[in-house]
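Colleague: Structure in structure tokens, see below.
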Amino acid sequence: MIKNLKEYQKKKKKLLEHNKFYYDKSSPKIDDSKYDDLKKQLISYEKNNKIPKNEKKVDNIVGYRPSEKFSKIKHSESMLSLDNAFNKSDIMDFYKKINNFLNLDLNHRETLFAEPKIDGISASLKYIDGNLVQGLSRGDGDFGEDITENLKTIEDIPKKLKKLNTGELIVRGEVYIPKSKFQNLSNKFANPRNAASGSLRQKDAKNTAKIPLKFFAYGTIFMNHNLESKQSKFLEFLKYQGFKINPLGKIIKDEKDLLDNYQILENKRSELDYDIDGIVYKIDDFKLQQRLGNLTNSPRWAIAHKFSAEKGISKIKNIEIQVGRTGALTPVAKINPLNIGGVTVSNATLHNEDEIERKDIRIGDTVIVQRAGDVIPQVIEVDTTKRDQNSKKFIFPKKCPCGFDTIKEYNKVTKKYDAVRRCPDKGYECNLITKEKIKHYVSKDAMNIEGLGKKVVENFWNLNLIKLPQDIYKLNFEKISQLEGWGKLSAENLKKSINKTKNISLEKFIYSLGIRHIGQENAKILAKYFQSIKIFKKLLFEKNNLFKDLLELDGIGETQINSLKNFFSNNTNKKVFEELIKNLSISDFIIQNKGKFINKTFMFTGGMEKMSRSEAKQIVENEGGKVLGSPSKKLDYLVAGDSKPTVKKINQAKDLGIKILKEKDWYKLINF
Ligand code: IVH
Numbered sequence: 017m018i019k020n021l022k023e024y025q026k027k028k029k030k031l032l033e034h035n036k037f038y039y040d041k042s043s044p045k046i047d048d049s050k051y052d053d054l055k056k057q058l059i060s061y062e063k064n065n066k067i068p069k070n071e072k073k074v075d076n077i078v079g080y081r082p083s084e085k086f087s088k089i090k091h092s093e094s095m096l097s098l099d100n101a102f103n104k105s106d107i108m109d110f111y112k113k114i115n116n117f118l119n120l121d122l123n124h125r126e127t128l129f130a131e132p133k134i135d136g137i138s139a140s141l142k143y144i145d146g147n148l149v150q151g152l153s154r155g156d157g158d159f160g161e162d163i164t165e166n167l168k169t170i171e172d173i174p175k176k177l178k179k180l181n182t183g184e185l186i187v188r189g190e191v192y193i194p195k196s197k198f199q200n201l202s203n204k205f206a207n208p209r210n211a212a213s214g215s216l217r218q219k220d221a222k223n224t225a226k227i228p229l230k231f232f233a234y235g236t237i238f239m240n241h242n243l244e245s246k247q248s249k250f251l252e253f254l255k256y257q258g259f260k261i262n263p264l265g266k267i268i269k270d271e272k273d274l275l276d277n278y279q280i281l282e283n284k285r286s287e288l289d290y291d292i293d294g295i296v297y298k299i300d301d302f303k304l305q306q307r308l309g310n311l312t313n314s315p316r317w318a319i320a321h322k323f324s325a326e327k328g329i330s331k332i333k334n335i336e337i338q339v340g341r342t343g344a345l346t347p348v349a350k351i352n353p354l355n356i357g358g359v360t361v362s363n364a365t366l367h368n369e370d371e372i373e374r375k376d377i378r379i380g381d382t383v384i385v386q387r388a389g390d391v392i393p394q395v396i397e398v399d400t401t402k403r404d405q406n407s408k409k410f411i412f413p414k415k416c417p418c419g420f421d422t423i424k425e426y427n428k429v430t431k432k433y434d435a436v437r438r439c440p441d442k443g444y445e446c447n448l449i450t451k452e453k454i455k456h457y458v459s460k461d462a463m464n465i466e467g468l469g470k471k472v473v474e475n476f477w478n479l480n481l482i483k484l485p486q487d488i489y490k491l492n493f494e495k496i497s498q499l500e501g502w503g504k505l506s507a508e509n510l511k512k513s514i515n516k517t518k519n520i521s522l523e524k525f526i527y528s529l530g531i532r533h534i535g536q537e538n539a540k541i542l543a544k545y546f547q548s549i550k551i552f553k554k555l556l557f558e559k560n561n562l563f564k565d566l567l568e569l570d571g572i573g574e575t576q577i578n579s580l581k582n583f584f585s586n587n588t589n590k591k592v593f594e595e596l597i598k599n600l601s602i603s604d605f606i607i608q609n610k611g612k613f614i615n616k617t618f619m620f621t622g623g624m625e626k627m628s629r630s631e632a633k634q635i636v637e638n639e640g641g642k643v644l645g646s647p648s649k650k651l652d653y654l655v656a657g658d659s660k661p662t663v664k665k666i667n668q669a670k671d672l673g674i675k676i677l678k679e680k681d682w683y684k685l686i687n688f
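Quick note, our numbering runs 16 ahead of the 1-based positions in the sequence shown.
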């Protein structure tokens, strides 16, 4: 029971704080039942007492914490992220990659469509025969939350389309709250984006309806590309169907166009009634988009050009050394907290030892700090005029805080020593690397254990509950439920999400190990090669000459092989590996069973006129085939491009009786 206004205000503040933990930091610190109880007490007090006019009542604030989770549904095609560009050179890189992939002249400038990047929450809408039947949030990209009823309350989203030749249409876009409307909402949200997120995830859609949410449609999936030929045309089609399209989209012919448009939009940014954090460039032509395809997390055919960073001035209180997952020692400046663009910054990266030396950064220095979107804030300049006379050069430690001597690696290509100092990555032997590896293990793209975020890992680490990844499977949930900020329900939820992720694919598991140089793409290549955890273990543990065989995999080079060797020659790592697989059920790599190149292997030599090696590889893989890096008995086809094929490879293939395709035969084979 709440006794007086003061207690009411105190408890309301607490409730709002918990809301923040739930959404902004995505780590609830209170049990659902305790939260509901707190809310009930506040509402009951509001009913029976006079509340001053300037106090927002809890009853009126739409509680934005859903009481139950929404059901999860698989997206027809993954909802990806976008790669970022921050300057002209990143943009030129984007053009270069496209030209390389499509085998176009390096000076070619493919037509792009530029759209403001709306800083809201993405949603995917499914229409069948013109009726809106399903609306999903992005979720983890593969599975979204079913928020159909909530999305239906948004006026900008048509519930029925005009006329459609195709049975199914997926429309993707961004839900947002106009800035002007956000100001009138209660003060419990840090920004319009959080407000949109919270409102959309109301269990009761009636509460969503109370929020002035809006929607810009911006895209579809490859499957629907037959509807129009270009992004610009497709947006017109969406407009005709009753969607709201952002009016600031523009065709871009070359980099001058692109940079002019960037300036114009950046200047306009503050006048717009919605937040934008950059510009998205998309290849306008749908056929080319399809040819370019996707990487694991982002499409090759689009990029986000972020608006320039915001800056502020502060003072370095201390310099701490952080050890990353791959052993890199990163100096981090602890600075006097300052607000940059609405975000409080108290840590800023100093990148590496060389950077400190080059800029002569010292403790006590006055520095300019920069923050750009979701990128870690960084110290970009020192104001030496403000430097204390007695200040001393910062001496970078030569030992890792774990005690190991550190090293600087020599790069054979650049013939220079690396700028980064490292704790030699012995895997799970350095306790600091291990802690970071555990954070990686539980992360979204890896095991994706909900409720076990970085902060919880840090906390459990300090409490000695998790010291190695396998400790996750030995947690005592009874004990956890008694920890501060935890309760029976949240401990139970954690247990459930750990159990739920025990069924994992081979490629995700390989990626989860956090082996240096084995990112998502390489994990997939390895999973495809080994196919099952049994073979993976057998070969890596027992077969000494295996590493040579791996070289034949397109995409795996000496760097990756050395890193695998290093990891699997260490007994602690092997033990962790064994313990993990004991606790998991790792499914075999699913070999695509559709496509005309099932069980077929290809190798390419020489350049081709109409496509790059990367595109040819993608085509083979999309059709269920494999690309090998060197000729062997396992090879079915050697494709010899017209431009400078390697004669030795052709002769080797001939000797092995392998079918050799000329460039034109290859085009015929794939109907190109
Ligand atoms: S296209 C494959 N267009 O930005 C991704 N995205 O970082 C294609 N976004 O999750 C996305 N405005 O929520 C696209 N005009 C726009 C966008 C936009 C905002 C968001 C979207 C996506 C995120 C990517």
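C-beta: ideal position from N, C-alpha, C; glycine also.
Using a Cβ-Cβ cutoff of less than 6 Å, which residues in the same chain neighbour GLU244 once the five nearest sequence positions on both sides are dropped?
Modeller: PHE250, PHE253.
Colleague: Following the continuous alpha helix (DSSP H) through GLY214, name the residue where it begins and the one where it ends.
Modeller: Element bounds for GLY214: 208-216.
Colleague: For THR400, does the three-state DSSP call read helix, strand or coil?
Modeller: THR400: helix per DSSP, three-state reduction.
Colleague: Could you compute how far the alpha carbon of ALA225 sits from the alpha carbon of ILE137?
Modeller: Cα to Cα, ALA225 sits roughly 16 Å from ILE137.
Colleague: From what residue to what residue does the beta strand (DSSP E) around SER601 run?
Modeller: 601-603 is the extent of the beta strand (DSSP E) around SER601.
Colleague: Going by DSSP, what residue range makes up the beta strand (DSSP E) through ASN355?
Modeller: From DSSP, the beta strand (DSSP E) with ASN355 extends over 345-356.
Colleague: Excluding the five sequence neighbours on either side, which residues of its own chain have a C-beta within less than 7 Å of the C-beta of LEU596, listed in chain order?
Modeller: These residues qualify, in order along the chain: PRO485, GLN486.
Colleague: Can you name, in chain order, every residue of its own chain whose Cβ lies under 8 Å from the Cβ of THR236, other than the five neighbours on each side?
Modeller: Same-chain partners within the cutoff: LEU185, ILE186, VAL187, ARG188, LEU243, PHE250.
Colleague: Should ILE134 be counted as a contact of ligand 1 given a C-beta to heavy atom distance under 6 Å?
Modeller: Yes, the beta carbon of ILE134 sits closer than 6 Å to at least one heavy atom of ligand 1.
Colleague: With H, G and I counted as helix, E and B as strand and the rest as coil, what does DSSP make of SER506?
Modeller: DSSP places SER506 in helix when its eight states are reduced to three.
Colleague: With H, G and I counted as helix, E and B as strand and the rest as coil, what does DSSP make of PHE410?
Modeller: Coil at PHE410, not helix or strand.
Colleague: Does the Cβ of GLU190 lie closer than 6 Å to at least one heavy atom of ligand 1?
Modeller: Checking the Cβ of GLU190 against ligand 1 gives yes.
Colleague: Does the structure place the stretch 537-548 close enough to the stretch 515-528 that three or more beta carbon pairs sit under 8 Å?
Modeller: Yes: at least three Cβ pairs fall under 8 Å.
Colleague: With a threshold of 6 Å, establish whether the CB of TYR234 neighbours any heavy atom of ligand 1.
Modeller: Yes, Cβ of TYR234 sits closer than 6 Å to a heavy atom of ligand 1.
Colleague: Which whole-angstrom value is the C-beta distance of GLY622 and ALA656, which I expect to be below 8 Å?
Modeller: 5 Å between Cβ atoms; contact.
Colleague: Who are ARG188's beta bridge partners in DSSP?
Modeller: ARG188 is bridged to SER140, GLY235.
Colleague: Once the 5 residues before and after LYS451 are set aside, which same chain residues still bring their CB inside 6 Å of it?
Modeller: Excluding sequence neighbours, LYS451 sits near TRP477.
Colleague: Have a look at LYS402 and THR382 and give me their C-alpha separation to the nearest angstrom.
Modeller: Those two C-alpha atoms are separated by around 6 Å.
Colleague: Hey, quick one: how far does the alpha helix (DSSP H) through GLU271 stretch, first residue to last?
Modeller: It spans 271-284 - the alpha helix (DSSP H) in which GLU271 sits, taken as one unbroken run.
Colleague: Cβ of SER497 versus every heavy atom of ligand 1: is any distance shorter than 6 Å?
Modeller: For ligand 1, not one heavy atom lies less than 6 Å from the Cβ of SER497.
Colleague: Please list, in chain order, all residues of the same chain as LEU685 whose beta carbon is under 6 Å from its beta carbon, the five residues on each side excluded.
Modeller: None.
Colleague: Tell me the residue span of the beta strand (DSSP E) that contains LYS133.
Modeller: Segment 128-134, the beta strand (DSSP E) holding LYS133.
Colleague: With a cut-off of 8 Å on the beta carbons, I'd call PHE86 and ILE173 a contact; round off their distance for me.
Modeller: No, PHE86 and ILE173 are not in contact; Cβ-Cβ is about 17 Å, not under 8 Å.
Colleague: With C-beta atoms as the reference, is GLY146 less than 7 Å away from MET95?
Modeller: No, they are not a contact pair.
Colleague: Does the distance between the C-beta of GLU595 and the nearest non-hydrogen atom of ligand 1 fall short of 6 Å?
Modeller: Result no, Cβ not under 6 Å from ligand 1.
Colleague: Between PRO315 and ligand 1, is there a pair consisting of the residue's CB and a ligand heavy atom that are separated by less than 6 Å?
Modeller: True, at least one ligand heavy atom lies under 6 Å from that Cβ.
Colleague: Confirm the yes/no value for this check: CB of GLU131, any heavy atom of ligand 1, distance under 6 Å.
Modeller: Result yes, Cβ under 6 Å from ligand 1.
Colleague: Got a sec: is the Cβ-Cβ distance from LEU120 to anything in chain B below 7 Å?
Modeller: The structure shown contains no chain B, having only a single protein chain.
Colleague: Please identify the residue among ASN64, PHE593, LYS415 whose C-alpha is closest to the C-alpha of TYR457.
Modeller: When only C-alpha atoms are compared, the closest one is PHE593.
Colleague: Any idea if GLU33 is buried or exposed, counting beta-carbon neighbours within 10 angstroms, 16 or more meaning buried?
Modeller: By the 10 Å Cβ count, GLU33 comes out exposed.
Colleague: Note the first and the last residue of the continuous beta strand (DSSP E) segment covering HIS321.
Modeller: Looking at the DSSP string, the run of the beta strand (DSSP E) that includes HIS321 is 318-322.
Colleague: List the whole-angstrom C-beta distance separating GLN608 from GLY571, where the pair is believed to meet the contact cut-off of C-beta under 8 Å.
Modeller: So it is not a contact: roughly 17 Å between Cβ atoms.
Colleague: Following a CB-centred definition, is LEU96 positioned closer than 6 Å to any heavy atom of ligand 1?
Modeller: Because some heavy atom of ligand 1 lies under 6 Å away, the Cβ of LEU96 counts as near it: yes.
Colleague: Taking the continuous beta strand (DSSP E) assigned at ASP671, which residues delimit it?
Modeller: Taken as a continuous stretch (DSSP letters only), ASP671 belongs to no beta strand (DSSP E), being part of the alpha helix (DSSP H) at 663-671.
Colleague: One question on the structure: do GLU131 and ASN262 come within less than 7 Å of each other, judged by their Cβ atoms?
Modeller: It is a contact, given that the beta carbons lie within the stated cut-off.
Colleague: From LYS352 to ILE396, what does the alpha carbon distance come to, in whole angstroms?
Modeller: Looking at the sequence provided, one finds Asn at residue 352 rather than Lys. So the alpha carbons of these two residues sit roughly 16 Å apart.
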